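Just below is one structure, and these are the notes that go with it.
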Amino acid sequence: MFDLTEEQLMVRDMCRGFAEKNLREQAVEIDKTHRFPLETTRMLGELGIMGVVYSEEYGGAGMDYLCYAIAVEEISRVCASSGVIVSAHNSLCLSPIYYFGTEEQKKKYVPKLAKGEHIGAFAITEPMAGSDSGGTKTMAVKDGSSYILNGSKNFITNGEYADVHVTLAVTDKDGKKNKNTSFFIIEKTDPGFKVGKVEEKLGICASSTTEMVYEDCKIPEDRMLGKPGEGFAIAMHTLDGGRVGIAAQALGIAQAALDAAAAYANEREQFGAPIGKLQAIQWMIADMATEIEAARLLVYKAADILQKNGKNRRPASKYAAMAKLYASECAHRCAHKCIQIHGGYGYVKEYVAERLYRDARITEIYEGTSEIQRLVVAMSVLGEYAK
Ligand SMILES: Cc1cc2nc3c(=O)[nH]c(=O)nc-3n(C[C@H](O)[C@H](O)[C@H](O)COP(=O)(O)OP(=O)(O)OC[C@H]3O[C@@H](n4cnc5c(N)ncnc54)[C@H](O)[C@@H]3O)c2cc1C
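Heads up: the sequence shown begins at 1 in the working numbering, then just goes up one per residue.
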């Protein structure tokens, strides 16, 4: 099923080459300094990687979702911070504008984002609305031909550097949960908007994670995406695509852990022979390689289903959740084993193993925790049996 097409192979080779040349050393530096690699996003924009699946008419590369997953995998294999920057930009900010925007909105925002001239972000999480985004408190009140937003979002990827972001706000305070919110496009220069607290994190340290604050933030009414009350549905649609991006990020981290562990096992000698000759080490390598293959099949399958169903994400929800759940937990296990195979050297910063372990952890949390992915899968499976 997954004999890659010429285009998919080309994207894999291009992103692999790009990452080795431009990101290998930089990944160490930006992990240490927490510097957001803006120049990388501009270069990736020139290669079409900041708008992989969006049509050329709007400045995108017009490639398929498998190309997108492969691009995120290859970038994350070398630099997981860059991987999430690309993923959040492509599948969380561009996607809702592309699929739910009016022609005017698409023409105004998509080309600059897709070419990497602008950075995008997606803001639904709030202090009281994490896994339960139906608990959104940010309000958007109609005022003539404008909306006035008040509230805040936290933990927003790319927040500090986002020229444009999409945000979820309550537009009907008496409405039913999950039917009372709408989605809006916010520009960084909008009056009343500011970036708040910048988080210090365990991993993906070069990605930006910030609070977004709206204090009487006034935007024109034509910034609403979709119709009033469609906000929650748009957010869920967007996350189905986003989860494939994060699954691909996790896959790249897992592959990097195997790359490092296998090379080390062949090199490091104890008791007069390479540790790779020890069965205890071989079993860890075998488990890592097997799980990575399984994760790759799930991720590519989810990407393929996204591609085949266009805007209709319903068939992809279960597979996107499965792919993210499995690939993220696989990344965690592989990064853990990578440290174990390195012994004490796995625990110090001179080797990549400790960064992979820190970077892998977040993939089990953002865009829905593993518990939420299990919930999505279970609801879908039980529904199939109830028919
Ligand atoms: C580095 C980083 C980047 C992020 N980027 C973004 C971003 O770009 N945009 C954005 O909007 N958000 C972003 N987030 C937020 C992220 O998606 C949330 O942190 C995540 O969805 C979990 O929400 P929470 O932290 O409030 O945890 P909570 O929802 O409070 O969950 C706490 C625990 O309870 C469990 N739990 C909650 N509900 C259930 C349930 N129904 N069943 C079983 N278990 C449950 C969770 O699995 C978890 O173990 C980011 C977070 C981080 C840390």
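We put the CB at the ideal spot given by N, CA and C, even for glycine.
These numbers come from a predicted model, not from an experiment.
Reference residue i, options the options, closest by Cα
{"i": "residue 325", "options": "367, 13 and 103", "result": "367"}
{"i": "residue 109", "options": "139, 35, 379 and 188", "result": "188"}
{"i": "residue 67", "options": "97, 107 and 11", "result": "11"}
{"i": "residue 9", "options": "24, 69 and 386", "result": "69"}
{"i": "residue 339", "options": "264, 329 and 305", "result": "264"}
{"i": "residue 54", "options": "79, 107 and 4", "result": "107"}
{"i": "residue 104", "options": "145, 118 and 185", "result": "185"}
{"i": "residue 225", "options": "295, 290, 37 and 166", "result": "166"}
{"i": "residue 73", "options": "36, 323 and 194", "result": "323"}
{"i": "residue 388", "options": "151, 120 and 297", "result": "Because residue 388 is not part of the residues shown, which for the chain are 1 to 387, the question remains open."}
{"i": "residue 96", "options": "310, 371, 200 and 357", "result": "310"}
{"i": "residue 359", "options": "16, 79, 19 and 56", "result": "79"}
{"i": "residue 42", "options": "89, 4, 115 and 21", "result": "115"}
{"i": "residue 199", "options": "111, 208 and 385", "result": "208"}
{"i": "residue 148", "options": "252, 294 and 192", "result": "192"}
{"i": "residue 197", "options": "216, 161 and 154", "result": "154"}
{"i": "residue 357", "options": "267, 17, 14 and 31", "result": "31"}
{"i": "residue 401", "options": "201, 211, 190 and 135", "result": "Because the chain here runs from 1 to 387, residue 401 falls outside it and cannot be looked at."}
{"i": "residue 46", "options": "28, 5, 35 and 111", "result": "111"}
{"i": "residue 227", "options": "76, 139, 372 and 100", "result": "100"}
{"i": "residue 270", "options": "260, 303, 21 and 341", "result": "341"}
{"i": "residue 210", "options": "157, 122 and 15", "result": "157"}
{"i": "residue 287", "options": "243, 81 and 255", "result": "255"}
{"i": "residue 241", "options": "334, 318 and 48", "result": "318"}
{"i": "residue 239", "options": "82, 28 and 372", "result": "372"}
{"i": "residue 142", "options": "313, 121 and 173", "result": "173"}
{"i": "residue 412", "options": "216, 244 and 81", "result": "For residue 412 there is no data in the structure shown, the boundaries of the chain being 1 and 387."}
{"i": "residue 171", "options": "229, 218 and 213", "result": "229"}
{"i": "residue 329", "options": "369, 233 and 377", "result": "369"}
Residue range of the unbroken alpha helix (DSSP H) whose run includes residue i
{"i": "residue 356", "result": "353–362"}
{"i": "residue 108", "result": "103–114"}
{"i": "residue 69", "result": "65–78"}
{"i": "residue 266", "result": "231–267"}
{"i": "residue 136", "result": "First-last for residue 136: undefined, no H or E at that position."}
{"i": "residue 28", "result": "24–33"}
{"i": "residue 337", "result": "314–342"}
{"i": "residue 97", "result": "95–100"}
{"i": "residue 417", "result": "Lying outside 1 to 387, the shown extent of the chain, residue 417 is not represented and no answer is given."}
{"i": "residue 11", "result": "6–18"}
Enclosing beta strand (DSSP E) for residue i [first to last residue]
{"i": "residue 168", "result": "164–170"}
{"i": "residue 192", "result": "Per DSSP, residue 192 belongs to no beta strand (DSSP E) and is neither H nor E."}
{"i": "residue 123", "result": "120–123"}
{"i": "residue 139", "result": "139–143"}
Identified DSSP bridge partners for residue i
{"i": "residue 217", "result": "149"}
{"i": "residue 126", "result": "129"}
{"i": "residue 369", "result": "Note: residue 369 sits in no beta bridge, so no partner."}
{"i": "residue 81", "result": "Paired residue(s): none; residue 81 is not in a bridge."}
{"i": "residue 210", "result": "156 and 198"}
{"i": "residue 181", "result": "170"}
{"i": "residue 225", "result": "183"}
(request) Counting only runs of 4+ residues fully inside the segment 271–310, write out the alpha helix (DSSP H) ranges in chain order. (result) Entirely contained in the segment 271–310, the alpha helix (DSSP H) runs reaching 4 residues are, in chain order, 279–309.
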